[in-house]
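**Q**
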Amino acid sequence: MTDERGVSITVTHVMTIGITTILIAGLLLGAGNMLEDQRRTTGDQELRTIGDRVATELVTAADRGNRTNATVLVRSSQPGSSVGGSYRVTLTDSTDCYQGSGYDGCLELNAFAENIDVEVPVSLPDGVSVEGGSAQGGRIVSVYNHSDYTVTIRGDGT
294 MTDERGVSIT
304 VTHVMTIGIT
314 TILIAGLLLG
324 AGNMLEDQRR
334 TTGDQELRTI
344 GDRVATELVT
354 AADRGNRTNA
364 TVLVRSSQPG
374 SSVGGSYRVT
384 LTDSTDCYQG
394 SGYDGCLELN
404 AFAENIDVEV
414 PVSLPDGVSV
424 EGGSAQGGRI
434 VSVYNHSDYT
444 VTIRGDGT
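Numbering (our numbering), first residue to last: 294 to 451.
1. Just to confirm, are VAL411 and LEU340 a CB contact at a threshold of 8 angstroms?
2. By Cβ distance, which residues of its chain are closer than 6 angstroms to ALA363, with the 5 residues on each side in sequence left out?
3. Going by the beta-carbon positions, is the gap between VAL413 and LEU351 smaller than 8 angstroms?
4. Leaving out five residues before and five after ALA406 in sequence, what residues of the same chain have Cβ atoms less than 7 angstroms from its Cβ?
5. With a threshold of 8 angstroms, are at least 3 pairs of Cβ atoms found where one atom belongs to the segment 379-386 and the other to the segment 340-349?
6. When burial is assigned at 16 or more other CB atoms within 10 Å of the CB, is LEU464 buried or exposed?
7. To the nearest angstrom, how far is the alpha carbon of ASN359 from that of SER374?
8. If the criterion is Cβ atoms closer than 8 angstroms, does the pair ALA365 and ILE433 meet it?
9. Distance check for ASP397 and SER387, CA to CA, integer angstroms please.
10. Can you tell me which residues form a DSSP beta bridge with CYS399?
11. What residue range is occupied by the uninterrupted beta strand (DSSP E) comprising GLY448?
12. Identify whether SER370 lies in helix, strand or coil by the three-state DSSP scheme.
13. Relative to the alpha-carbon of GLY448, which residue among THR313, VAL436 and TYR442 has its alpha-carbon at the smallest distance?
14. From LEU320 to MET308, what does the alpha carbon distance come to, in whole angstroms?
15. Rounded to the nearest angstrom, how far is the Cβ of GLY431 from that of GLN371, given a contact under 8 angstroms?
16. Sort TYR442, THR303 and LEU322 by Cα distance to PRO418 and report the nearest one.
Listed below in structure tokens is the structure:
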């Protein structure tokens with residue numbers, strides 16, 4: 294009679310180590326994907342918040358300009374970077390912004406490091422239109438030009 298218990302214990306240990314390794318690798322991979330998804334979601338929300346602020350400043354400039362019959366500049370300080378890198382804010386007169394909802398214009402925010410693009414609709418007072426413009430993240434100027442009843446954005450060079 295031969296004793297085969299030693300082989301059985303060795304096979305059991307090898308199988309246990311193999312299964313444990315596969316489970317740990319799966320957990321690490323899943324956690325990495327979850328963190329990447331969370332980073333993209335956070336970046337999307339951060340850019341959307343910045344876009345909402347800039348849209349509000351555009352409306353504020355237009356309202357103030359209409360009330361005072363003057364050209365108005367609203368300077369603001371937005372975060373200089375988003376999701377670990379620079380971003381750009383572009384104002385367009387696209388009415389197809391935000392799934393074709395028919396707004397007066399659209400702010401498009403692009404985070405270059407993570408390749409995240411966000412659209413924020415802009416609804417302006419009656420009679421005011423959009424003139425395209427863009428700015429890097431950071432100091433942004435929202436401009437209402439009373440002579441042609443337009444709003445635009447630009448970087449603050451000061």
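Positions of the beta carbon are idealized from the N, C-alpha and C atoms, including for glycine.
**A** For this structure:
1. By the CB criterion at 8 angstroms, VAL411 and LEU340 fall inside the cutoff.
2. Within the same chain, Cβ atoms closer than 6 angstroms to the Cβ of ALA363 are found at HIS439, the five residues on either side in sequence being excluded.
3. Going by C-beta atoms, VAL413 is not nearer than 8 angstroms to LEU351.
4. VAL376, GLY377 and GLY378.
5. The segment 379-386 and the segment 340-349 touch, with no fewer than 3 CB-CB distances between them shorter than 8 angstroms.
6. This structure cannot settle anything about residue 464, because the visible part of the chain is limited to 294 through 451.
7. C-alpha separation (whole angstroms): 33 angstroms.
8. According to the sequence as given, residue 365 is Val; it is not Ala. The answer is no: Cβ separation not under 8 angstroms.
9. Taking the straight line from one Cα to the other gives about 7 angstroms.
10. DSSP output for CYS399 lists THR385 and PRO414 as bridge partner(s).
11. Per DSSP, GLY448 belongs to the beta strand (DSSP E) from 443-448.
12. Here SER370 sits in strand by DSSP.
13. Nearest to GLY448 by alpha-carbon distance, out of THR313, VAL436 and TYR442, is VAL436.
14. Near 18 angstroms, if we compare the C-alpha coordinates of MET308 and LEU320.
15. At roughly 6 angstroms, the Cβ-Cβ gap stays under 8 angstroms, so GLY431 and GLN371 are in contact.
16. Taking the Cα of PRO418 as reference, the smallest distance to any Cα among TYR442, THR303 and LEU322 is reached at TYR442.
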